[in-house]
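Trainee: Once you've had a glance at the structure underneath, I'll fire off some questions.
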Amino acid sequence: MKNKNLMPLTLVFCLFFLWAISSNLLPTMIRQLMKTCELNPFQASFTESAYWLAYFICPIPIAMILKRWGYKTGIVMGLLFAAFGCLLFLPGTAIRKYWFYLTIFFIIATGMCFLETAANPYVTVLGNPSTASKRLTLAQSFNSLGAFISAMFLSKLILSGHQYTRATLPASYPGGWDGLLRDEACAMRPPYITLAVVLIVMALVFICCRLPKIKEHGGKLINIAVLKRSHLRWGVIAQFFYNGGQTAINSLFLVYCCIYVGIDESRATTLFGFYMLAFLLGRWSGSWLLGKFAPHKLLTFYATMCMLLSLVVIIFGGWTGLYAMIGISFFMSIIYPTQFSLALSDLGDDTKSGSAFLVMSIIGNACLPQLSAFVMNAHPAHYHFAYFIPMVCFGFCVLYGLKKYKVVRPN
619 MKNKNLMPLT
629 LVFCLFFLWA
639 ISSNLLPTMI
649 RQLMKTCELN
659 PFQASFTESA
669 YWLAYFICPI
679 PIAMILKRWG
689 YKTGIVMGLL
699 FAAFGCLLFL
709 PGTAIRKYWF
719 YLTIFFIIAT
729 GMCFLETAAN
739 PYVTVLGNPS
749 TASKRLTLAQ
759 SFNSLGAFIS
769 AMFLSKLILS
779 GHQYTRATLP
789 ASYPGGWDGL
799 LRDEACAMRP
809 PYITLAVVLI
819 VMALVFICCR
829 LPKIKEHGGK
839 LINIAVLKRS
849 HLRWGVIAQF
859 FYNGGQTAIN
869 SLFLVYCCIY
879 VGIDESRATT
889 LFGFYMLAFL
899 LGRWSGSWLL
909 GKFAPHKLLT
919 FYATMCMLLS
929 LVVIIFGGWT
939 GLYAMIGISF
949 FMSIIYPTQF
959 SLALSDLGDD
969 TKSGSAFLVM
979 SIIGNACLPQ
989 LSAFVMNAHP
999 AHYHFAYFIP
1009 MVCFGFCVLY
1019 GLKKYKVVRP
1029 N
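Converting from the sequence shown to the working numbering requires adding 618 to each position, the first position being numbered 1.
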């Protein structure tokens, strides 16, 4: 890493941390909104849909903005847009309507989508192309740190530990049932208002700092023809299924613990913290291993382990399945950044277009987890069968690592 790139890369690494805080609060919010808005797991899973739908709608216009005005403009816009969404929790917790919360998450996700569409390719092109996978995985380790902090600490600030129903609520509770719902809603404010302040400060830092400009040589603002490159096209497919599989496990982790294993919220959030710690350790160790092994080979091995551990969840469920999910978290760690960097190989001026399509593939988060939640909610006695869906998803990652990652030059 050249010294002149050290400061811009450090700043961009901070963005990975910030959007991880946002996206990894979603499992906690699913559990919280089940209480605040009186939802079942399937209904609450649409929290993920609202958030990740932005990643399908926004990347192409964002890529156009990046190509015309550069990475810095896109990053600042994303930070401010996400901050605005976080501030909407002030009126949101007073309104206490599920549709309003879904709108908030869509707005926050739009801002974060700016950051992801800009930061991922920026990290890959800011340095030696041969070490792009290692550099992106290192950046993603900051993402994992944010995920760990969300799971282990911020979740405990939001979840009260109360699991009252209308029948079991103590008569002495201030304000009765409506008072409980009001208190649960207000618990969501502090983390998001704090996040809004941090995002605004970061926007000011980026405004004041100079970022190296990446030279490009004209071309279309968005080039759909880039999907003719088979390694990118299959990368988009693999990312679609990986994202859906990962989010199916992440988003339902607390629901799995509290409803199907019978763990209280305090213990469940601690286990969720260890789950994300495994992901963080996987990213850090994976960053080192990518310097020793070919990225596609490591991808194949890690994705295969995810499939095998998903099978353990399907067969055993319960505590055994929970421990297996912590193992899955470790092995999921390098899949996203490795597939991302492999898919962007050899794209040249079309790197931003390729990045936009790869970010769009996150739409897998908006539909596959809901399928898992539907199966889990519809068949509570066989809830662990829902994990067949992420197992199939990881199979596409194995296929990409074995064969479809190869760059085929156009004629």
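Each residue gets a CB set at the ideal place from its N, CA and C atoms; glycine is no exception.
What number of angstroms, rounded off, separates the C-alpha of K1024 from the C-alpha of A912?
Mentor: Answer to the nearest angstrom: the Cα atoms are 12 Å apart.
Trainee: Considering Cα atoms alone, identify which of L705, L850, I639, P747 is closest to M730.
Mentor: The option with the nearest alpha carbon to M730 is I639.
Trainee: Spatial neighbours of F949 within its chain, please: C-beta separation below 6 Å, excluding the five flanking residues on both sides.
Mentor: Excluding residues within five positions, the ones whose Cβ falls inside 6 Å are Y920, M923, C924.
Trainee: Count the other C-beta atoms from every protein chain shown that fall within 10 angstroms of the C-beta of M619, then say buried if there are 16 or more, exposed otherwise.
Mentor: Bear in mind that a pLDDT of 48 at M619, under 50, signals an unreliable position, so the number given afterwards is only what the model happens to contain. Exposed is the call here.
Trainee: Could you check what DSSP says for S773 in three-state terms: helix, strand or coil?
Mentor: Helix at S773.
Trainee: Please say whether L643 and P808 have beta carbons closer to each other than 8 Å?
Mentor: Not closer than 8 Å, so no.
Trainee: Among W906, T918, C875, whose alpha-carbon lies nearest the alpha-carbon of V931?
Mentor: Of the candidates W906, T918, C875, the one whose C-alpha sits nearest the C-alpha of V931 is C875.
Trainee: Output needed for L929: all residues of its chain with C-beta closer than 7 Å, excluding positions within five of it in sequence on either side, in chain order.
Mentor: Answer for L929: M1009, listed in chain order.
Trainee: Please report the straight-line C-alpha distance between L907 and L917, rounded to a whole angstrom.
Mentor: Their backbone Cα atoms lie some 11 Å apart in a straight line.
Trainee: Rounded to the nearest angstrom, how far is the Cβ of T568 from that of R714, given a contact under 8 Å?
Mentor: The displayed coordinates of the chain run from 619 to 1029. Any statement about residue 568 would go beyond what the structure contains.
Trainee: Alpha carbon to alpha carbon, how far is A701 from L813? Give it in angstroms, no decimals.
Mentor: Their backbone Cα atoms lie some 7 Å apart in a straight line.
Trainee: What is the DSSP secondary structure of T786, counted as helix, strand or coil?
Mentor: DSSP places T786 in coil when its eight states are reduced to three.
Trainee: With three or more C-beta pairs closer than 8 Å as the rule, is the stretch 965 to 980 touching the stretch 731 to 748?
Mentor: Output reads yes: the stretch 965 to 980 touches the stretch 731 to 748.
Trainee: Name the two residues that bound the continuous alpha helix (DSSP H) containing M950.
Mentor: Unbroken alpha helix (DSSP H) run through M950: 936 to 950.
Trainee: Please work out which residues of its chain come closer than 8 Å, Cβ to Cβ, to R1027, disregarding the five sequence neighbours upstream and downstream, and give them in chain order.
Mentor: For R1027, where only same-chain residues beyond five positions count, the Cβ hits under 8 Å are D964.
Trainee: Between T888, I648, R851, which has its C-alpha nearest A961's C-alpha?
Mentor: The shortest Cα separation from A961 among T888, I648, R851 belongs to R851.
Trainee: Determine contact between the stretch 758 to 772 and the stretch 875 to 893, defined as no fewer than three beta-carbon pairs at a distance below 8 Å.
Mentor: Counting Cβ pairs under 8 Å, three or more are found: they touch.
Trainee: Would you mind listing the alpha helix (DSSP H) stretches within the stretch 811 to 894 that are 4+ residues and don't spill past its ends, in chain order?
Mentor: Entirely contained in the stretch 811 to 894, the alpha helix (DSSP H) runs reaching 4 residues are, in chain order, 848 to 869.
Trainee: Across the stretch 976 to 991 and the stretch 858 to 866, are there enough close Cβ pairs to call them in contact, namely three or more that are closer than 8 Å?
Mentor: These segments touch.
Trainee: If you follow the alpha helix (DSSP H) that I726 is in, where does it begin and where does it stop?
Mentor: 716 to 743 is the extent of the alpha helix (DSSP H) around I726.
Trainee: Taking the straight line between their C-alpha atoms, what separation do you get for L927 and G794?
Mentor: The alpha-carbon atoms of L927 and G794 are separated by roughly 44 Å.
Trainee: Answer with buried or exposed for N658, where buried requires no fewer than 16 other C-beta atoms within 10 angstroms of its C-beta.
Mentor: Result: exposed.
Trainee: Closest to S947 by C-alpha separation, out of H914, L899, F934, C1011, would be which residue?
Mentor: Measuring from the Cα of S947, the nearest candidate turns out to be L899.
Trainee: Whole-angstrom Cβ separation of T711 and M806, contact assumed at under 8 Å?
Mentor: With a Cβ gap of about 6 Å, T711 and M806 count as contacting.
Trainee: Please state whether DSSP places Y758 in a helix, a strand or coil.
Mentor: It should be pointed out that residue 758 corresponds to Gln in this sequence rather than to Tyr. Reduced to three states, the DSSP call for Q758 is helix.
Trainee: So which of Q758, I648, I725 has the shortest CA-CA distance to L671?
Mentor: Considering only alpha carbons, the answer is I725.
Trainee: With respect to the alpha helix (DSSP H) encompassing G703, which residues constitute its N-terminal and C-terminal limits?
Mentor: Segment 689 to 705, the alpha helix (DSSP H) holding G703.
Trainee: Output the distance between the C-alpha atoms of L872 and R847, rounded to the nearest integer angstrom.
Mentor: Taking the straight line joining both Cα atoms gives about 39 Å.
Trainee: Closer than 8 Å is the cut-off here; do at least three beta carbon pairs connect the stretch 626 to 638 with the stretch 739 to 746?
Mentor: Yes: at least three Cβ pairs fall under 8 Å.
Trainee: Pairs of beta-carbons, one from the stretch 996 to 1005 and one from the stretch 673 to 686, closer than 8 Å: are there three or more?
Mentor: As far as the Cβ criterion goes, the stretch 996 to 1005 does not touch the stretch 673 to 686, which means the pair count is below three.
Trainee: Can you tell me the Cα-Cα spacing of T1030 and Y791, whole angstroms?
Mentor: The structure shown does not extend to residue 1030, since the chain is modelled only from 619 through 1029, so no value can be given for it.
Trainee: Take I842 and list the residues in its own chain whose beta-carbon comes closer than 8 Å to its own, dropping the five residues that flank it on each side.
Mentor: S971.
Trainee: Suppose contacts are defined by Cβ-Cβ distances below 8 Å. Is Q758 in contact with Y878 by that definition?
Mentor: No, these two residues do not count as a Cβ contact at 8 Å.
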